[in-house]
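Quick notes on the structure that follows.
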Amino acid sequence: MKEYDDINKLIERLPEVKQCKSQINQAYEYLKNAFISKNKYLICGNGGSSADADHMVAELVKSFYRKRILSQELKQKLEQLGERGIYLANHLESSIPAYSLSSQSAAMTAIANDQGYDLSFSQQIIGYGEKDDILVAFTTSGRSENVINAIHTAHALDMHIICFTGNHESFIGANLCDVIIKAPSNDTYRIQEYHLSIYHTLCLILEKELFQQK
Numbered sequence: 123m124k125e126y127d128d129i130n131k132l133i134e135r136l137p138e139v140k141q142c143k144s145q146i147n148q149a150y151e152y153l154k155n156a157f158i159s160k161n162k163y164l165i166c167g168n169g170g171s172s173a174d175a176d177h178m179v180a181e182l183v184k185s186f187y188r189k190r191i192l193s194q195e196l197k198q199k200l201e202q203l204g205e206r207g208i209y210l211a212n213h214l215e216s217s218i219p220a221y222s223l224s225s226q227s228a229a230m231t232a233i234a235n236d237q238g239y240d241l242s243f244s245q246q247i248i249g250y251g252e253k254d255d256i257l258v259a260f261t262t263s264g265r266s267e268n269v270i271n272a273i274h275t276a277h278a279l280d281m282h283i284i285c286f287t288g289n290h291e292s293f294i295g296a297n298l299c300d301v302i303i304k305a306p307s308n309d310t311y312r313i314q315e316y317h318l319s320i321y322h323t324l325c326l327i328l329e330k331e332l333f334q335q336k
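Count along the sequence shown from 1, add 122, and you get the number used in my numbering.
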């Protein structure tokens, strides 16, 4: 498996995440392949992990650490639209299609009210998910019913599943995940700190590998 400097730098800074190195590499491969295949990422979590879902999406849909240049084809199409198109061509950036299921407040509350909060992510996955899309599921406890239901639903749709959790033996639905990244802690706040560093690292590698400057 290819070595990535950013993962090695992460381990230098947080040696305890070395146990996750193989899983981080695997997660990257799934994310990269989904992008190349023009699939999308659906990301979910509760509480602080909901904020992580939003945060990860923000790093994916726009430039994170390096400038992402639009394709020449799209730039030319925009420039043909005149002055406003030229402005857009010079300011817009290439993007990775990622969506936070946690941020859809109208859908979330409607589903919770009419069907139950435990279906708040699953129902959205029915609407948005397609074969070979990626579900990135955050559950620090491994016991979040709506996240576990999301994992089952994504599996039924033949999506790939990457789960961020804590240092648990196992959880319901773990056998359905393609990759499980276990932060080396049982304390929620520490798990979330590790998750932040790990998904930032994944975003760095994706950006570097997918949007290399010519």
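Don't be surprised by glycine CBs; every beta carbon is placed ideally from N, CA and C.
Could you work out which residue in Asn297, Cys285, Glu329 and Asn289 is closest to glutamine 148 when comparing CA atoms only?
Position 26 of the sequence shown holds residue 148. Of the candidates Asn297, Cys285, Glu329 and Asn289, the residue whose Cα lies closest to the Cα of glutamine 148 is Cys285.
Exposed or buried, which one is glycine 204 when buried takes at least 16 other CB atoms within 10 Å?
The count along the sequence shown starts at 1 and reaches residue 204 at position 82. The residue in question, glycine 204, is exposed, as its Cβ has fewer than 16 Cβ neighbours within 10 Å.
Q. How many angstroms separate the CA atom of isoleucine 327 from the CA atom of isoleucine 273?
A. As a working note, residue 327 is residue 205 in the sequence shown. As a working note, residue 273 is residue 151 in the sequence shown. Roughly 25 angstroms separates the two Cα atoms.
Please return the same chain residues whose Cβ sits closer than 8 angstroms to the Cβ of isoleucine 256, not counting the five positions on each side in sequence. Against the sequence shown, residue 256 aligns to sequence position 134. Here the set comprises Tyr152, Leu153, Ala156, Asn161, Lys162, Tyr163, Leu164, Met281, His282, Ile283 and Ile284.
Check whether the segment 305-324 touches the segment 125-140, taking contact to mean three or more Cβ pairs, one atom from each stretch, closer than 8 angstroms. yes
Query raised in the report: Counting along the chain, where does the beta strand (DSSP E) carrying threonine 287 start and finish?
Result: Here residue 287 refers to the residue found at position 165 of the sequence shown. From DSSP, the beta strand (DSSP E) with threonine 287 extends over 282-287.
Checklist entry - Between leucine 318 and aspartate 174, which are expected to be in contact by the criterion C-beta below 8 angstroms, what is the C-beta distance as a whole number of angstroms? => result Indexing the sequence shown from 1 puts residue 318 at position 196. Indexing the sequence shown from 1 puts residue 174 at position 52. Approximately 7 angstroms separates the beta-carbon atoms of leucine 318 and aspartate 174; this is inside 8 angstroms, confirming the contact.
### Message
I need the straight-line Cα distance from leucine 200 to leucine 214, nearest angstrom please.
### Response
As a working mapping, residue 200 is identified with position 78 in the sequence shown. As a working mapping, residue 214 is identified with position 92 in the sequence shown. Their backbone Cα atoms lie some 10 angstroms apart in a straight line.
**Q.** Outcome for alanine 220 when other beta-carbon atoms lying within 10 angstroms are tallied against a minimum of 16
**A.** As a working mapping, residue 220 is identified with position 98 in the sequence shown. So alanine 220 counts as buried.
- Using CA coordinates, which residue listed in Ser185, Ser224 and Arg190 is at the minimum distance from serine 171? One-based indexing of the sequence shown puts residue 171 at position 49. Out of Ser185, Ser224 and Arg190, Ser224 has the C-alpha closest to the C-alpha of serine 171.
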